[in-house]
Every structure is written in structure tokens, then in C-alpha cells.
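A quick write-up on the structure given underneath.
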Amino acid sequence: MSDSKVTISKAVSIEDVPAEIRTMVDKVQKELCYTIPDIMKTVQMKVFSNNGDEFFQTVALLDYLRAELSKADASLEECVEILTGYRKIMMESLPSDEEPETNNETHRESLVESPEEEADE
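The sequence shown begins at 0 in numbering that gives the first Met the number 0 and counts up one residue at a time.
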């Protein structure tokens with residue numbers, strides 16, 4: 000089998016985007032919690048082997064591990080892109096007086112007292 004890649008896309012209703020993202024994140028979470036640790040355990044066993052053949056199997060295993068991490072990264076990147084587009088659509092549908100504050104610095108400042116305010120108390 001070749002390493003050729005294809006992009007598969009599907010259209011979903013705007014209301015279904017959060018559920019689709021949850022499904023995508025859940026799949027990545029399972030890869031990161033189960034598949035990748037299993038590969039690492041195998042790498043660790045092989046790398047400490049005194050058997051030359053087993054020791055050098057780590058090359059293929061490490062390459063496989065990198066490929067699995069790359070797939071997880073690509074899935075998370077896709078989630079970010081989808082959520083960015085989803086947020087944009089949702090913000091455009093709000094009346095202008097209902098738009099939430101997007102300036103994180105202002106929000107952070109309202110949650111944290113300054114040192115001068117603490118000294119006055």
C-alpha cells in the first residue's frame with residue numbers, strides 16, 4: 000500500500016458541529032491515551048533488549064509512533080479550524096449588542112487585582 004493521502008470531507012448541519020468536534024476529540028484522546036502509550040511501551044522494551052534484531056526494531060516502531068502522533072496532531076488542527084469557522088459563524092449571527100467580550104486581556108484584568116489594590120486593603 001502506498002503512503003498517498005486523500006482528504007475526505009463531509010457537510011454537517013451547523014447544530015451538529017459541537018457533537019462532531021466532541022467525536023473527533025474523543026478519537027484523538029483514545030489514540031493519545033491507549034495506542035500511543037502502547038507503542039511507547041513496546042519501544043521501551045525493544046530499546047533495552049540485548050537481542051540485536053529486537054533492538055533495531057525500535058527504528059520502525061519510532062517511525063510508526065511519529066506517524067501516529069502526526070495523525071493526532073492533524074486531527075487536532077482540523078478541530079481548531081472547524082471551531083474557528085464555527086465561532087465566526089455563531090458570532091456573525093448574534094446581534095451586535097450581544098457580542099461577548101473577546102479581549103482576553105481586559106477580562107483577565109477584571110479577574111486579577113493589581114498589587115496596588117491589594118495594598119489598599
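Positions of the beta carbon are idealized from the N, C-alpha and C atoms, including for glycine.
Please read all numbers here as calculations on a predicted model, not as lab measurements.
What do you reckon, are the CB atoms on residue 88 and residue 20 nearer than 9 Å?
Not a contact, by the Cβ cut-off of 9 Å.
Assess contact between the segment 59-72 and the segment 4-16, defined as three or more Cβ pairs (one per stretch) separated by less than 8 Å. Is contact present?
no
Within the 9 Å Cβ cut-off, does residue 80 reach chain D?
Checking the listed chains, one finds no chain D in this structure; it contains a single protein chain.
Three or more C-beta pairs under 8 Å: does that hold for the segment 44-56 against the segment 67-81?
no
Report back the beta-carbon spacing between residue 45 and residue 68 to the nearest angstrom; my notes put them in contact at under 8 Å.
Not confirmed; about 18 Å, so no contact.
Drop a sphere of 10 angstroms on the beta-carbon of residue 4, count the other beta-carbons inside from all chains shown, and report buried for 16 or more, exposed for fewer.
exposed
Pick out whichever of 95, 86, 76 has its Cα sitting closest to the Cα of residue 17.
86
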